[in-house]
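Numbered by mature numbering (1 follows the signal peptide of the UniProt record, and there is no 0), the letters in the sequence shown go through residues -22 to -1, 1 to 498 in order. Since the structure comes first, as structure tokens, the remarks are kept for the end.
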Amino acid sequence: MRLPPSLSAAAAALSLTLPATAFEYNTFDGPGFPSCHNVTLIHNATSPADVSSLVKSLLASTPTDSTTPLRIRAAGKGHMWYDTQCSDSATVLIRTENLARISEFELPPGAEQGTVWVEGGVTFFQLAAWLHEREASVGYTLTNWNISFGGSVAMGAHRSSLREDSMVAAGVVEVEVVDGRGDLRRVVRGDGTGEEWAAVSTSLGLLGVIVGMRLRVYPDTKVYARQATLDEKDVLNGDIYNLIAPYATANLWWWPYKRKFHQRYYDTVPAKSTTQEGFQNTFSVTELEAVAARTLLNSGKYLPTSNMLAEEIFFGQWEKPNFREKSTNKALESWPVYGWNYDVLIGGLYPDQKAEWEYGLAGYTLELAFPVTMANAMLKRVRQLFDAELKKGIVMTSTYRSGINIKFGKPYFDFLGQVTYNTSDGADWSKGAIMFDFPSFRPTVGDHKRFNEQFYHNVANTLIDEFPCRPHWTKNTREVFTRAVKNIDPDHLRRFKAVREQFDPQGIYRSVVGEILGLY
Ligand SMILES: Cc1cc2nc3c(=O)[nH]c(=O)nc-3n(C[C@H](O)[C@H](O)[C@H](O)COP(=O)(O)OP(=O)(O)OC[C@H]3O[C@@H](n4cnc5c(N)ncnc54)[C@H](O)[C@@H]3O)c2cc1C
Ligand SMILES: *[C@@H]1O[C@H](CO)[C@@H](O)[C@H](O)[C@H]1NC(C)=O
Ligand SMILES: *[C@@H]1O[C@H](CO)[C@@H](O)[C@H](O)[C@H]1NC(C)=O
Ligand SMILES: *[C@@H]1O[C@H](CO)[C@@H](O)[C@H](O)[C@H]1NC(C)=O
Ligand SMILES: *[C@@H]1O[C@H](CO)[C@@H](O)[C@H](O)[C@H]1NC(C)=O
């Protein structure tokens, strides 16, 4: 076989030996935030065939009894939090940024839905712009903007809804993977026994590199965004299911020091009913805001009064729409806000601002999913943990600009997803899930530990031990995964492993997450 020149050079170099020096590969937060500790080579993939031939040449040049076994992982946009992308052995990364082609768009006029093919590195904002030009959107199976479809589907990423499918994989009907032999394989939803689909739909990247997929698309719509401010006690004692379920997408933000919640909800409106083109700012800030927030939150490492003030300020800012009118770039001051589906649901960065992490505002996070039937019990338990600190005279707050993020998910069956059901834990997952996503500021000073660091670990451990909760696969530490394994259905793990052994018999795509789950 003839390889393209750049690749044959890479293959030639590789077939000698992989470089002896390993380096760290970082998350979106940059240096100091490794997602892999032991990377020897990064390859920018140019096509699915290129991924396939690279894997084959790496396999050919690695003896099966080698003391340094072959390890390969895909790399998307690095939008993950911890050092859980790779295994700790020397790893080759295959970057998918240039697997960015979009094709085979089918949405006949008048049809309720259609499909489109995307390569694994296509991001949400790339596809949204492409589809908007063709009067289409992907609906509600979304995550944030600069994230790849391959990375989202691999890790079970999702938006927030009980009414509509909002897990990205739920909008996928076909997946193409380069497996552990370097072969291209297509897995089609509804084919065969369903075992392969149930594994590939949240594969954790362990079946191979996702190089393409077919997604459902819908006619583009306009949507509204509204927000209500609720007293904490009304949520903790209220009908949480019905705060969320009536809407296309909805979530809660919790301000534990203020004892308030914001309820954000969205749904469609007739396209001709409004000329407004609202655009949501998800993560951008001005430099002035960033420096002020960083200074205040850094002092909050030592002084709880700084954290209390920060929560007051963030809450006050979050009362108002984080939206601008796209055509004039002017702030929209009041609810509701209207605009095109993607602009309102996600949006992106304001043109004159940068993402907060580019100003050194980095975070820790923890995300766990619970049966929505346990929503009140879970939130009350967290409130007890906050109150237990208060009794010791320690005030804990949210140190994130949108508070504690509470999301929801409609049930969707697969082996390892956060919203799966039919599990042996005896919990009722059939009504859907509530996710507790607790981001917090990572001080840029000293040892980078948070004020009252132990509190965060205590929250995680208590929830994992007392509830049948499941981790988000890129928003938790190794410690959290290790503790949470007991909550993952053993039969799902066994069935996933059987598919993994078919796709990747040598385990070249293994990661620490796969190792912790006992899949090797
Ligand atoms: C600002 C921000 C907002 C976010 N919002 C949400 C959200 O709303 N909902 C949510 O659920 N998550 C959210 N996430 C998490 C995010 O969706 C996941 O971490 C996702 O996996 C990141 O995709 P990526 O393209 O950046 O991949 P990377 O971070 O590069 O990789 C993540 C993991 O996926 C694997 N992987 C990547 N591409 C592929 C591929 N093509 N084939 C096989 N494996 C692959 C990698 O090996 C790695 O293990 C957010 C993250 C950030 C930083
Ligand atoms: C791969 O792409 C990234 C980002 O575009 C670039 O920084 C890097 O140099 C490229 N690597 C190679 C080996 O071409
Ligand atoms: C998206 O991610 C890439 C890194 O893969 C980064 O270079 C680029 O600036 C990001 N874009 C935005 C708008 O954040
Ligand atoms: C990197 O991986 C190699 C084997 O693949 C191992 O010998 C080495 O100890 C690892 N290094 C680190 C820092 O983990
Ligand atoms: C869930 O379990 C029920 C009862 O055992 C079974 O009928 C159903 O097919 C299962 N659903 C899935 C998706 O496995």
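Glycine residues also receive a C-beta, built at the ideal position from the N, C-alpha and C atoms.
Here the alpha carbon of P26 sits roughly 14 Å from the alpha carbon of G158. Spanning the alpha carbons of G395 and S179 requires a straight line of approximately 8 Å. T101 carries a strand assignment under DSSP once its states are collapsed to helix, strand and coil. Rounded to the nearest angstrom, the Cβ distance from S262 to Q205 is 19 Å, too far for a contact under 8 Å. The residue from R461, G341, P12, G317 with its alpha-carbon nearest to that of T252 is G317. Not one heavy atom of ligand 3 lies closer than 7 Å to the C-beta of L323. When C-alpha distances from Y3 are compared across Y498, R51, L37, the shortest belongs to R51. Taken in chain order, the complete alpha helix (DSSP H) segments of 4 or more residues contained in the region 26 to 58 are 26 to 38. Straight-line spacing of the CA atoms in E84 and L275 works out to 49 Å. Here the alpha carbons of V195 and R167 stand approximately 16 Å from one another. In chain order, the residues positioned with their C-beta nearer than 6 Å to some heavy atom of ligand 5 are F391, N400. The shortest C-alpha to C-alpha distance from A411 to any of A405, I442, T422, V397 is the one to V397. Note: V201 is bridge-paired with T246, G317 in the DSSP secondary-structure output. Relative to ligand 1, even the nearest heavy atom lies 7 Å or more away from the CB of H470.
Relative to ligand 4, S67 has its C-beta within less than 7 Å of a heavy atom. For E75, the shortest C-beta to heavy atom distance toward ligand 2 is below 7 Å. Nearest C-alpha to G128 among S65, F481, R192: R192. Inclusion of T264 and Y244 in the CB contact set at 8 Å is not warranted, their separation being larger than that value. Proximity to P314 across P86, S30, P299 peaks at P299, based on C-alpha coordinates. Remark: C-beta atoms of R379 and F292 approach each other more closely than 8 Å.
Taking 7 Å as the cut-off, one finds no heavy atom of ligand 1 near enough to the beta carbon of T(-2).
Look at T46: its beta carbon is less than 7 Å from one of the heavy atoms in ligand 4. A contact is defined here as three or more CB-CB pairs under 8 Å, and the region 29 to 43 fails this definition with respect to the region 86 to 93.
A176 and D392 have their C-alpha atoms some 4 Å from each other. If the five residues before and after I382 are omitted, its C-beta is found closer than 6 Å to the C-beta atoms of W232, S376, F416, all from its own chain and listed in chain order.
Residue range 353 to 369 is occupied by the alpha helix (DSSP H) that includes A366.
In the structure shown, L471 adopts helical secondary structure according to DSSP, grouped into three states.
According to the DSSP assignment, F301 belongs to the beta strand (DSSP E) that extends over 301 to 303. Close CB contacts of N22 within its chain, under the 6 Å cut and outside five residues either way in sequence, are with R73, N76 (chain order). For the 8 Å CB-CB criterion, I372 and L230 do not form a contact.
In this structure, the beta-carbon distance from M352 to F445 falls below 8 Å.
Between ligand 4 and N16, a heavy atom-to-CB distance of less than 7 Å is present. If only complete runs of 4 or more residues are kept, the region 82 to 149 shows the alpha helix (DSSP H) at 102 to 111, 127 to 133, in order along the chain.
Ranked by how close their Cα comes to the Cα of Y390, the residues D403, S402, K409 have K409 in first place. For K409, no beta strand (DSSP E) segment is defined, and its DSSP state is neither H nor E.
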